[in-house]
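Chains as they are written, first to last, in the numbering used here: chain A, 8 to 274; chain B, -6 to 391; chain C, 714 to 1117.
The structure under discussion appears below in the form of structure tokens.
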Amino acid sequence: MDTLTAGVDIGSTTAKALILNKHGQMWTAIIPSGPKPPLAGKQVFQLTLEKGQHLLADIKFIIATGYGRVSADFANKTVTEIACHGCGAYFISPTTRTIIDIGGQDAKAISLNEQGKVIDFIINDKCASGTGRFLESAAQLVLNVPLEELGGLSAKATDKATISSTCTVFAQTEMISLLASGVSTENLVAGLHSSIASRVASMVKRIGIRPSVMMTGGVAKNAGVVAALKQELNVDITVPSTLDPQFVGALGAALFAQDMIEKGSGS
Amino acid sequence: MIGSGQPSKNILQHLNRRLSEEPSRISEAKQKGLKVIGYFCPYIPEELIIAAGMLPIRLAFGGNIEPATSGEDFLKPYNCPFARSCLGYQLIGNNDYHHLLDAVCMAQTCESIKLVQEYWENHFSIPVFTLGLPHTHDAFRSRPQALEYFKLELELLRKRLGHFAGRPIKNRDIRRSISLCNQIREKLRLLFEYPQKHSTPIEWYDSFRITQAGFLINRRDFLTELRIIERELAGKETVVDGDRQIRLMVIGSIIGIGDYKILDLVKEAGGNIVADGMCTGSLTSRKNVTIFGIMGNPIDALAERYLYNVPCPCMTDLDKRLNRTAQIVHAYNVDGVIYYSLRFCDTWRSEYQLMKDYLHKEIHIPSLLIESDYSPADIGTIRTKIEAFLEMIGGLTE
Amino acid sequence: MKLERFTEAAQVRFDRDLKTFPALISFYLNAADRVKVVGKKVVAKGPLSPVEVIYAAEALAYDVNTHNTLQAILNGRTDLSQHAVDTGISPELSPWNLVMLGAVLSGQSDIPIDLFSTAFGGFDDQLIKSFQLVAHVGARPLRFWEVPKYDPESEGWALNYLKKELEQLFEWMEVHTGRKVTEESLQRAIHFGNLIRTDMAELNAYLAMVKVPITALEYYLIQMMMGDYAQDPEGLHNLFRQFLNEINLRVDQGKSAPGISASPVRVYVMGNETQELYLYNAIEDYGGVVVGCDFRLPLYYDLIDEKALPLESLAHWIWRMPSNLPSQERVRFELNYIKKQNPDAVIISSVVGSRYLPGIERLVRELIKHELGVPVLSIETTLPQENVEKVDYQIRALLQTVGS
């Protein structure tokens, strides 16, 4: 019988679940969190079970992480997304020492030691302009393009527009007037990426940049932001290729769940 | 009643009952002529107020967003929430103690307190007695002029308080109140010392709340309450087995009565606070007032003790704070330090990086910065930060 | 350093007809040249910390906040505060401190600093803590010296305390500069400081005239120079004289400064000095004229008495600096100055991140309204060029209301 564990990462924007077996095989699902994150947690877990055609009884240990973990009553234990991202990133690449996670509503920088343990972390939750929300609102309200296309657009930029406002609201106004004055969408998106990169870079500098650096979370799928961050920090940044970066937290949770079983804390 | 809604422990039951009666007791006593003197910072010697036959109340209330927002009638949103709160409580009057005040004493500590003082003088009819305070915490005694200045300021305060009380404050009355306050301090110190051991009959949380009750209760009665608690503890079994819990020290900006958000989150996350460096916690009871000789001047003794306690960051001498923190971490076997900076508290916030680096490099202890105010909006993120910190220190085995 | 470059970088307008101003502003901003030549120790100080105590030890006073921030604004540099935040400093500090911290911590301060020494006394905690931080990180000697709070009943022992603090400060300066502070050196420093104060008094008198011969931005920048006498009191005084002579010529010719309307609304500006220099241009654009600012007033509020013993005079003068008074008394005292300038309106500026002045703004506003009976505009600004729109419509609204 294969030992299966599950990690459920209930974020404020999306809920992710990952089921893991001892051979490293994974099943994943992702849905928007919607207005009721705990419900989304249950649903996405259910979806993942169905994907792998597993039964709930087969899952030996479930760990919930993320913003909505506290109310995930179906989980055996909760662990913060800090530890989970650390664990997941280290599993994917054991040379990882710095993790940058830009989520929907916050951004985190995590520092690991050689054994993959978290030794320091910063969470930026005060300012929206260093988070996925900044990109989302710009894409929706200003540029009217799907979020997924931002990366491609900035790649075609001929120049980088300067968005000087540090506040999301004022930045949006600024972007609208830049567009009106003839700045191309591509160049504006490049400026947008640069803006978010400098907020995030500041946070990472506070914790210290130690290679290798990995980016996780939804925004890691935006090649434009990754490139802008590489430039700001002057360091190479890897993005997981074997797994969608949004699942790194859930992976870490599932890995911790394996540890729990081995140490005999299974329920 | 002090507490965060959790059921009162046996130890605190009697005290809490007494505390709930206090406002009405004070009202009654006021009708018989008692004057109530409020103060904010622990640089004001309570002994002077008690010696004048008046009741000192430390106005250290916090944790509520309503008075902090009312305070914006005077201050800006980017001024300290505690300062806004002090003014807000006085303005809206929904605090049991603020409306009992006959006067307040204000030491010139930080700018935020100075703002409270100036608005208080201008808007509230309650008189303000100020105390000049040197800002050099002169650990090596190379600035004797600071102590001289402080002594004379205390004499002036004594004169002003005496005038307000209707009779000059006599030396022998100051000696008596020093004796009373010393006894209180000794008993409180013992309470804070228990958690040094892993098996302790009283948690730090309770010692903290007991200390805060002592800001409000008539001091003679408070001493009686402390004796009751002492007797309770003498026969008590271990309450908390601290062996497997992560031991924490909390330092930072003032944690007022009611500002328990961070403390409660730490407890919920499974952390065990065993020590503190708070001016509303163990620092109030640290160090007695020592009068040298029968003919020693009690004002000199007060100046010595109050100026040379562990300094608030409104004072310079960062080193004393760093050393003291390291001492306590060592004595209490602390695993991590929680550094709670009130938002816009420049004096504490500015020292965080220095404290963090010092603790990390010198004694390999991690620290966590939590910046917050009295709004409940950041509970989720703070919970994550604390949990992640505990995971980081203790690993995930449980 | 050309004015054209500043104009473009900072998006501000200077008075191009003033021939002597470029030399003056260059002199101030070229601190680096002066330091190389003279070879004296540089002592960093806070903006309102008394200047003479440093010159008395034959050292160079350096108002590190003002220099670095003006350099940053006039050269359009927006990255320095970010350096500070990157080291873990709170981004919620006043931009004046953030820029200073960023500049010094990243080694980009315009002159290297040997010592840190500034007055303190329960005001501007943020500045004190910033100094504590940079001195610690840069491993530089640091000495704070206390100015006890003003309280008439404490005068005797407060002045004793202050005098002893000054004496010890001088001993400390001697250890670190190798020069002894003597009665003569202190007297000399006081004398040159008074010359500059006299120049400022003359300048203020010009602002009190019906036809104001100086524009706001230039006046504001000159006032900033009071913070450290540009490391060369004598040199600064000479340049001031030339400047004042040129202004005097305008007065003789019955001219106001260019860009000032015929019957302008007279505006007095107080509170936090703003980094949004556009404010000064906007006042003139919309029909106003600046008749005074109080940002550095405590440094020249009165002459230091040269007839009494220098230490005595200095202590008396320092203790009564307006910045050391409780705000109610401070404002009442300032009103003597303000009334001379005959304002039609007052602007109280707050900078987000500063604590005391924005906090006390309501009290000041009520007092000014009550005593002067003129409209008061409270304006809040942040980083340079972030507040242009807001400043624009608020100033326009104020001046149109008052002007009508």
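Note that CB positions come from ideal geometry on N, CA and C, so glycine has one too.
Here the structure is a predicted model, which is why all the values come from computation and not from measurement.
How many Å lie between residue 858 of chain C and residue 833 of chain C at the Cα? Going from the Cα of residue 858 of chain C to the Cα of residue 833 of chain C covers about 6 Å.
Euclidean distance between Cα positions of residue 160 of chain B and residue 170 of chain B: Whole-angstrom Cα-Cα distance: 16 Å.
7 Å CB neighbourhood of residue 856 of chain C in its chain, flanking five on each side removed: Contacts found: 830, 882 and 885.
Cβ-Cβ distance between residue 1105 of chain C and residue 979 of chain C below 8 Å: In terms of Cβ geometry, residue 1105 of chain C and residue 979 of chain C do not form a close pair [threshold 8 Å].
Using a beta-carbon distance below 8 Å, is residue 209 of chain A in contact with chain C? Yes - at least one Cβ of chain C is within 8 Å of the one on residue 209 of chain A.
DSSP three-state label for residue 833 of chain C, please. Strand, per DSSP.
Taking residue 27 of chain A as part of the beta strand (DSSP E), name the residues at either end of that continuous run. Here the beta strand (DSSP E) through residue 27 of chain A covers 21 to 28.
Within the 8 Å Cβ cut-off, does residue 381 of chain B reach chain A? Closer than 8 Å to some Cβ of chain A, the Cβ of residue 381 of chain B qualifies, so yes.
What beta strand (DSSP E) runs, 3 residues minimum, are completely inside the stretch 108 to 192 of chain B? Entirely contained in the stretch 108 to 192 of chain B, the beta strand (DSSP E) runs reaching 3 residues are, in chain order, 121 to 124.
Pick helix, strand or coil for residue 213 of chain A, following the three-state DSSP scheme. Of the three classes helix, strand and coil, the one that applies to residue 213 of chain A here is helix, per DSSP.
What number of angstroms, rounded off, separates the C-alpha of residue 58 of chain A from the C-alpha of residue 14 of chain A? Approximately 15 Å, taken between the alpha carbons.
Between the alpha carbons of residue 11 of chain A and residue 120 of chain A, how many angstroms are there, rounded? Put simply, the backbone Cα of residue 11 of chain A is about 28 Å away from that of residue 120 of chain A.
Nearest-angstrom Cα separation, counted from residue 176 of chain B out to residue 280 of chain B: If I take the Cα positions, the gap works out to 11 Å.
Quick one: does residue 254 of chain A have its CB under 8 Å from some CB of chain C? Residue 254 of chain A does not count as touching chain C.
Determine the direct distance from the alpha carbon of residue 25 of chain A to that of residue 250 of chain A, and round the result to whole angstroms. Taking the straight line joining both Cα atoms gives about 11 Å.
In three-state DSSP terms, what is residue 34 of chain B? In the displayed model, residue 34 of chain B falls within coil according to three-state DSSP, outside both helix and strand.
Taking 7 Å as the cut-off, does the CB of residue 63 of chain A come closer than this to any heavy atom belonging to the ligand FMN? Of the ligands one can find in the structure shown there are none, so the ligand FMN has no counterpart to examine.
Taking all protein chains shown into account, do 16 or more other C-beta atoms lie within 10 angstroms of the C-beta of residue 270 of chain A, making it buried, or fewer, making it exposed? Residue 270 of chain A is exposed by the Cβ-count criterion.
Determine the chain B residues that contact residue 90 of chain A at a beta-carbon separation under 8 Å, and present them in chain order. Neighbours of residue 90 of chain A across chain B, judged by C-beta separation under 8 Å: 381, 384, 385 and 389.
Report the option in C:716, C:808 and C:847 whose CA atom is closest to the CA atom of residue 825 of chain C. If we check each option's Cα against that of residue 825 of chain C, C:847 comes out closest.
Which first and last residues belong to the beta strand (DSSP E) in which residue 115 of chain A is found? Residue 115 of chain A -> beta strand (DSSP E) spans 114 to 119.
In terms of residues, what are the limits of the alpha helix (DSSP H) holding residue 890 of chain C? 868 to 890 is the span of the alpha helix (DSSP H), which, as asked, contains residue 890 of chain C.
At the level of alpha carbons, what is the spacing between residue 118 of chain A and residue 99 of chain A? So the alpha carbons of these two residues sit roughly 15 Å apart.
Using 8 Å as the cut-off, can you tell me whether the stretch 799 to 813 of chain C makes contact with the stretch 916 to 934 of chain C, which would need three or more C-beta pairs spanning the two stretches below that distance? No, they do not touch.
Closer than 8 Å to chain C by CB, residue 371 of chain B: No, residue 371 of chain B lies away from the interface with chain C (no Cβ there is under 8 Å from its Cβ).
As a quick exercise: from B:207, B:198, B:199 and B:45, pick the residue whose alpha carbon is nearest that of residue 156 of chain B. Measuring C-alpha to C-alpha distances from residue 156 of chain B to each of B:207, B:198, B:199 and B:45 identifies B:45 as the nearest.
Counting Cβ pairs closer than 8 Å, one from the stretch 777 to 784 of chain C and one from the stretch 742 to 753 of chain C, do we hit at least three? The stretch 777 to 784 of chain C vs the stretch 742 to 753 of chain C: in contact.
Endpoints, the beta strand (DSSP E) within which residue 131 of chain A is located: Boundaries of the beta strand (DSSP E) around residue 131 of chain A: 125 to 131.
Which residues, in order along the stretch 793 to 813 of chain C, keep a beta-carbon less than 8 Å from a beta-carbon of chain A? Closer than 8 Å at the C-beta level to chain A, one finds these residues of the stretch 793 to 813 of chain C: 795, 798, 799, 800 and 801.
Kindly say whether residue 237 of chain A, judged by its beta-carbon, lies nearer than 8 Å to any beta-carbon of chain F. As a matter of chain content, chain F is missing from the structure shown, whose protein chains are A, B and C.
Residue-chain proximity (residue 307 of chain B, chain C), Cβ-Cβ < 8 Å: In terms of beta-carbon proximity, residue 307 of chain B lines the interface with chain C, with at least one pair separated by less than 8 Å.
Do you know offhand how far residue 65 of chain B's Cα is from residue 81 of chain B's? When rounded, the separation of the alpha-carbon atoms in residue 65 of chain B and residue 81 of chain B is 8 Å.
Excluding the five sequence neighbours on either side, which residues of its own chain have a C-beta within less than 7 Å of the C-beta of residue 291 of chain B, listed in chain order? Around residue 291 of chain B: 164, 167, 168, 171 and 284.
Rounded C-beta distance between residue 79 of chain A and residue 48 of chain A? I'm assuming under 8 Å. The pair is a contact, with the Cβ atoms about 5 Å apart (cut-off 8 Å).
Is the beta carbon of residue 122 of chain B less than 8 Å from the beta carbon of residue 150 of chain B? Going by C-beta atoms, residue 122 of chain B is nearer than 8 Å to residue 150 of chain B.
Check each residue of the stretch 843 to 869 of chain C: if its Cβ is closer than 9 Å to any Cβ of chain B, include it; give the result in chain order. Listed by position along the chain: 843, 845, 846, 849, 850, 855, 857, 858, 859, 861, 862, 864, 866, 867 and 869.
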